[in-house]
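Report on one structure; see the data block that follows.
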Amino acid sequence: VDHRPRCHTTTGKGSTTGQRHVVHQAEMEAVSAVKIREKLKEQLVAEQVEVVDTSGGCGSAFQVAVVSEAFQGKRLLERHQLVHQVLEEELKNIHAISITKTLTPEQAKRTNN
Numbered sequence: 026v027d028h029r030p031r032c033h034t035t036t037g038k039g040s041t042t043g044q045r046h047v048v049h050q051a052e053m054e055a056v057s058a059v060k061i062r063e064k065l066k067e068q069l070v071a072e073q074v075e076v077v078d079t080s081g082g083c084g085s086a087f088q089v090a091v092v093s094e095a096f097q098g099k100r101l102l103e104r105h106q107l108v109h110q111v112l113e114e115e116l117k118n119i120h121a122i123s124i125t126k127t128l129t130p131e132q133a134k135r136t137n138n
């Protein structure tokens with residue numbers, strides 16, 4: 026199994042030759058599952074936050090599940106928008122985010138029983 030960070034191939038900005046070069050994750054703004062988890066937990070006062078890097082450690086795609094009272098009275102779309110608002114800066118530097126759960130604490134208790 027190859028555990029090296031995956032790289033992104035891009036075309037250089039302003040390149041007249043169209044040459045392609047490899048950009049390693051370290052050269053991009055670092056986004057980690059820990060950073061995303063901490064930010065969601067803090068800003069949504071979340072009881073539970075699960076974040077998985079689904080890009081093989083590259084930091085370009087994440088799966089997120091959040092349990093927070095902040096979702097009370099909000100529709101699914103509004104809950105997802107709230108997560109996107111919290112992660113606005115991080116979303117500029119990642120390829121994809123999959124929000125799998127946005128539950129209130131009461132909803133989480135019902136699904137666990």
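In this note's numbering, the protein residues as written are 26 to 138. Note that the Cβ used here is the ideal one computed from N, Cα and C, for glycine as well.
Just the Cα atoms here: how many angstroms apart are residue 70 and residue 94?
-> 8 Å
Enumerated in chain order, which unbroken segments of the beta strand (DSSP E) with a length of 3 residues or greater are wholly contained in the stretch 58 to 116?
-> 71 to 78, 86 to 93
Can you say whether residue 112 is buried or exposed, counting buried as having 16 or more other CB atoms within 10 angstroms of its CB?
-> buried
According to the Cβ coordinates, are residue 108 and residue 91 closer than 9 Å?
-> yes
Would you mind stating whether residue 133 and residue 72 have Cβ atoms separated by less than 9 Å?
-> yes
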